[in-house]
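Colleague:
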Amino acid sequence: MRRVAICGFSMCKVGNHYQKSLSELFAEVALDALESAGNPDIDAIYVGNMSASEHTFQKNLGVLLSNSIGLNSTPCKLVECADGSGGAALYEGYNSVASGLYDVVIVGGVEKMSEVLQGENRKIRSMTIEQEYEAFHGLSIDGEFAIIMRYYMHYYDVPKRQFALFAVQMHKHAAGNRYAKLPYEISLEAALNMQTIADPLTLFDMAPTGDGSAAVVLCPLERAREFTDTPVEIAGAGQASDTLALYDRKNILTFKATSKAAEIALKTSKLKISDVDLFEVHDSYTISGFLALEDLGVIERGKVGQAVEEGLIDLDGPAPTNLSGGLKARGHPGGATGVYQAVEATLQLRGEAGKNQADPAEVALIQNAAGIGSLVTVHVFKRI
Amino acid sequence: MRLPKVWREIPRRYRLEGAVCKNCKFCFFPPRPVCPNCGSRDLDSQKLPQKGKVLSYTVVRKSPDDFKSYVPYPVALVELSGGVKIICQLTDCDVDEISIGMPVEAVLRKVKEDGEDGVVYYSIKFRPLLSAKKVS
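From first to last, the protein sequence lines stand for chains Z and F. Going by the working numbering, the letters in the first sequence line up with residues 6 to 389, in that order. Going by the working numbering, the letters in the second sequence line up with residues 49 to 184, in that order.
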């Protein structure tokens with residue numbers, strides 16, 4: 006396998022881009038990413054998207070988006086793994102370059118969540134959970150996470166306040182990220198007094214959805230200097246899955262796919278979790294952020310709330326996490342989220358993360374999950 | 049939705065028919081061709097116990113569009129006697145009286161309908177175990 010580098014990247018602010026279509030949003034960012042790599046010839050395109058066929062009835066998205074940047078014969082495909090699509094597309098792109106199949110590929114993630122109204126969106130987002138025996142009973146994705154969250158609170162005997170602290174921390178980080186959907190701080194009191202969506206889960210336990218587009222250009226590490234002066238290596242990648250249904254889980258307080266994917270990614274990169282300087286994890290809900298940090302082995306089980314309060318995941322802490330604001334405050338543009346994480350890790354390792362620049366920033370780990378951790382990708386990034 | 053889909057699911061949805069592995073005796077729901085525990089394909093159909101307890105639950109207050117007229121409604125992860133877990137709505141109780149560990153029993157109830165001319169969906173829901181309820 007060859008070593009793989011990121012030689013170009015771009016993203017847009019997560020928000021409601023009412024004035025742009027899905028392909029316009031993709032093209033703007035993808036062309037910018039190509040520009041940053043000196044406009045190389047592209048061998049293939051991988052696109053992560055969750056719900057274009059529900060939002061705009063478009064199938065075969067790879068071709069539409071490829072055409073939108075003027076490529077009419079390049080191999081391209083959509084990678085759909087619910088809200089883990091972005092990371093899964095990156096994983097495909099990484100493997101295609103590492104294996105020697107392609108030299109230069111573009112991996113994009115794009116989502117237009119604002120095309121439909123809230124209720125319809127909740128239905129579409131809930132397509133990530135098992136449909137026949139879970140969603141059938143009126144369970145939404147919010148409700149599914151609420152069931153896990155309640156059990157976590159019961160099992161570890163932790164108060165709701167610990168989850169609110171996580172939300173407050175994410176907003177603190179987002180305040181320094183100009184690409185964030187909600188770039189402002191919130192008070193603990195506000196986080197504790199939001200409307201309930203599915204008990205005990207409130208609005209501030211959920212990541213806000215949004216429109217977004219992010220792209221990275223990958224190439225073999227040995228060729229990276231042809232395209233950029235500051236390449237970042239993708240030193241390892243791992244993917245694993247779990248059961249789609251919650252009722253099939255032996256233990257609902259662990260997303261074991263995260264541990265497995267991380268183990269593979271770290272093994273490939275010949276690094277340990279303790280070598281990682283910063284994390285971007287998939288906090289689609291505060292509880293999924295908790296489980297991610299536990300399953301990665303960063304924080305002891307049941308202790309995430311306490312660790313957050315002690316500043317462990319703060320910019321100045323020993324394990325800075327979601328300096329972008331995470332899904333909670335950067336926003337969660339569905340199938341684009343995993344590619345956002347890749348761009349954010351790249352910015353950090355290049356020392357270009359502005360107000361939220363971590364120091365040291367030699368190794369970053371990103372974790373992108375689908376639904377209730379049914380499918381997880383983990384990538385380890387290394388400064389060259 | 050088309051009628052055949054509802055019709056073919058009747059044994060599972062109305063009677064909680066699951067499967068038991070002849071090799072490792074693992075019981076699971078819904079049935080599928082391979083035992084999720086040992087990988088055996090030698091399986092039997094088995095009706096699941098109708099009693100269990102609430103492992104965890106939520107009360108859905110903001111629902112997907114097709115359940116809008118039913119909010120708020122409780123949905124639980126129920127563990128049946130014998131260990132099989134299923135997701136179902138809870139019924140015949142006030143949402144404030146639900147708790148983790150609460151004993152429950154299966155009853156047949158309407159889940160939703162597909163508009164005026166569509167299919168009416170029925171399924172097992174769980175209610176607090178009557179014999180366990182305090183007589184006030």
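Idealized CB from N, CA, C, for every residue including glycine.
In angstroms with no decimal places, state the Cα-to-Cα distance between residue 245(Z) and residue 178(F).
Modeller: Taking the straight line from one Cα to the other gives about 43 Å.
Colleague: What separation, rounded to the nearest whole angstrom, lies between the Cα atoms of residue 194(Z) and residue 170(Z)?
Modeller: Inter-residue distance for residue 194(Z) and residue 170(Z) is about 10 Å (C-alpha atoms, whole angstroms).
Colleague: Is it the case that the region 196 to 206 of chain Z contacts the region 105 to 112 of chain F, given that we only count it when at least three CB pairs across the two stretches are under 8 Å?
Modeller: Three or more Cβ pairs closer than 8 Å define a contact, and the region 105 to 112 of chain F meets that threshold against the region 196 to 206 of chain Z.
Colleague: How far does the beta strand (DSSP E) with residue 388(Z) in it reach, from first residue to last?
Modeller: Its beta strand (DSSP E) spans residues 380 to 388.
Colleague: Cβ atoms of residue 114(Z) and residue 345(Z): under 9 Å apart, would you say?
Modeller: yes
Colleague: From residue 140(F) to residue 258(Z), what distance separates their C-alpha atoms?
Modeller: 29 Å
Colleague: Do you know how far the Cα of residue 253(Z) is from the Cα of residue 95(F)?
Modeller: 18 Å
Colleague: Which two residues bound the contiguous alpha helix (DSSP H) that contains residue 147(Z)?
Modeller: 146 to 161
Colleague: For the region 13 to 50 of chain Z, list the alpha helix (DSSP H) runs that are entirely contained and at least 4 residues long, ordered along the chain.
Modeller: 27 to 41
Colleague: By a C-beta neighbour count over all protein chains shown, 10 Å radius and 16 as the cutoff for buried, is residue 388(Z) buried or exposed?
Modeller: buried
Colleague: From the DSSP secondary-structure annotation, give me the bridge partner or partners of residue 291(Z).
Modeller: Residue pairing by DSSP places residue 291(Z) in no beta bridge whatsoever.
Colleague: If we ignore side chains and look at the alpha-carbon of each, how far apart do residue 52(F) and residue 183(Z) end up?
Modeller: Roughly 52 Å separates the two Cα atoms.
Colleague: Taking the alpha carbon of residue 236(Z) as the reference point, which residue from 222(Z), 242(Z), 249(Z) and 247(Z) has its own alpha carbon closest?
Modeller: 222(Z)
Colleague: Taking CB distances under 9 Å as the criterion, tell me whether residue 57(F) reaches chain Z.
Modeller: yes
Colleague: Step through the CB atoms of chain F and report whether any lies within less than 9 Å of the CB of residue 141(Z).
Modeller: At least one chain F Cβ lies under 9 Å of residue 141(Z).
Colleague: Apart from the five residues on each side of it in sequence, which residues of its chain come closer than 6 Å, Cβ to Cβ, to residue 99(Z)?
Modeller: 9, 239 and 242
Colleague: Return the residue from the list 264(Z), 226(Z) and 204(Z) that minimises the CA-CA distance to residue 108(Z).
Modeller: 226(Z)
Colleague: Classify residue 6(Z): buried if its beta carbon has 16 or more other beta carbons within 10 angstroms, exposed otherwise.
Modeller: A residue is called buried once 16 or more other Cβ atoms fall within 10 Å of its Cβ, and residue 6(Z), having fewer, is exposed.
Colleague: Leaving aside the five residues before and after residue 146(F) along the sequence, list all residues of the same chain whose C-beta is less than 7 Å from its C-beta, in chain order.
Modeller: 102, 105, 122 and 138
Colleague: Based on DSSP bridge pairs, tell me the residues matched to residue 373(Z).
Modeller: 382(Z)
Colleague: Any beta carbon from chain Z within less than 9 Å of residue 89(F)'s own beta carbon?
Modeller: no
Colleague: If we count Cβ pairs, one from each stretch, closer than 8 Å, do we get three or more for the region 126 to 138 of chain F versus the region 133 to 150 of chain Z?
Modeller: yes
Colleague: In chain order, what residues of the region 157 to 171 of chain Z put their CB closer than 7 Å to some CB of chain C?
Modeller: Here chain C cannot be found, since the structure's protein chains are Z and F.
Colleague: State yes or no: is the C-beta of residue 4(Z) within less than 9 Å of the C-beta of residue 130(Z)?
Modeller: The structure shown does not extend to residue 4(Z), since chain Z is modelled only from 6 through 389, so no value can be given for it.
Colleague: So, using beta-carbon positions, are residue 224(Z) and residue 348(Z) closer together than 9 Å?
Modeller: no
Colleague: Starting from residue 175(F), follow its DSSP beta bridges and name the residues at the other end.
Modeller: 153(F)
Colleague: Could you tell me which residues DSSP puts in a beta bridge with residue 169(F)?
Modeller: 160(F)
Colleague: Could you tell me which of 29(Z), 319(Z) and 218(Z) sits nearest to residue 177(Z), measuring between CA atoms?
Modeller: 319(Z)
Colleague: Taking C-beta pairs closer than 7 Å, name the residues in chain F that residue 148(Z) reaches, listed in chain order.
Modeller: Correct list: 106, 108 and 123.
Colleague: If residue 212(Z) sits next to residue 384(Z), beta carbons under 8 Å apart, how far is it from one beta carbon to the other, in whole angstroms?
Modeller: In fact, because the Cβ distance is near 20 Å, the residues do not count as touching under 8 Å.
Colleague: Counting pairs of Cβ atoms below 8 Å between the region 50 to 66 of chain F and the region 164 to 176 of chain F, do you hit three or more?
Modeller: These segments touch.
Colleague: In chain order, what residues of the same chain have a beta carbon less than 8 Å from the beta carbon of residue 184(F), not counting five sequence neighbours either side?
Modeller: With a pLDDT of 44 at residue 184(F), under the threshold of 50, the predicted position of this residue should be treated as unreliable, and no value is reported.
Colleague: What is the C-beta distance between residue 215(Z) and residue 20(Z), in whole angstroms, given that I count them as a contact (C-beta under 8 Å)?
Modeller: 6 Å
Colleague: Output yes or no for whether 9 Å exceeds the beta carbon distance between residue 2(Z) and residue 375(Z).
Modeller: In the structure as shown, chain Z starts at 6 and stops at 389, and residue 2(Z) therefore has no counterpart that could be examined.
Colleague: Kindly list, in the order they appear in chain F, the residues whose Cβ is closer than 7 Å to that of residue 306(Z).
Modeller: The contacting residues do not exist; residue 306(Z) stays about 17 Å from chain F at best.
Colleague: Quick one: is residue 74(F) near chain Z, going by C-beta distance under 9 Å?
Modeller: no
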